[in-house]
Amino acid sequence: MSKLFFKGRIETRQNHVLAGYNVNRDVKAGTDKAPISITVQSEERKAELELLVSEHSVIAEITVDADQEENTLELDILLNKPKTTTFEKMPNRNDPCNCGSGKKYKKCCA
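Each residue of the sequence shown is one higher than the last, beginning at 85 in my numbering.
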């Protein structure tokens, strides 16, 4: 018998596999299949947002309703995605020092 044989109730295993947060989505927000919805109060604001949406090639449904407050949350999230922070790698002992002196790191700033 294989080591990968599941010992237990199979319906429990299936529920466990199906549960969880799906980070590998096929449908992204702002595409043809999943357009974002925006509500604005005036035609001028609608024209501004249409220009912004076309610059960033995002698909959006913009509705004008003076009674409701402006809702551009989905657009703000798409346009202001957080950037991945990268840190500068610490040089090894025998690498040149990053201060620009020309010496090895171990003899300069270590």
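Just so you know, even glycine gets a beta-carbon here, dropped at the ideal spot from N, CA and C.
Mind checking residue i: buried by the 16 CB within 10 Å criterion, or exposed?
i, result
"A144", "buried"
"V111", "exposed"
Would you kindly work out how many angstroms separate the C-alpha atoms of residue i and residue j, rounded to a whole number?
i, j, result
"D179", "P166", "32 Å"
"D116", "K130", "19 Å"
"C193", "M174", "11 Å"
"L133", "T169", "29 Å"
"D151", "V124", "10 Å"
"L163", "S141", "11 Å"
"K191", "E172", "20 Å"
"R177", "Y189", "5 Å"
"E128", "A118", "25 Å"
"D149", "G114", "21 Å"
"C181", "S126", "58 Å"
Determine whether the beta carbon atoms of residue i and residue j lie at a separation below 9 Å.
i, j, result
"T147", "I120", "no"
> How do the stretch 144-159 and the stretch 172-186 stand: do at least 3 beta-carbon pairs fall below 8 Å, yes or no?
Replying inline: Remark: fewer than three beta-carbon pairs, one from each stretch, lie closer than 8 Å, so the stretch 144-159 and the stretch 172-186 are not flagged as touching.
>> Measuring CB atoms only, is the stretch 157-170 touching the stretch 135-149, in the sense that at least three cross pairs come out at less than 8 Å?
In response: At 8 Å Cβ cutoff, the stretches touch.
>> If we require 4 or more residues per run, which alpha helix (DSSP H) segments fall completely within the stretch 104-140?
In response: Counting only runs of 4 or more, we get 127-139.
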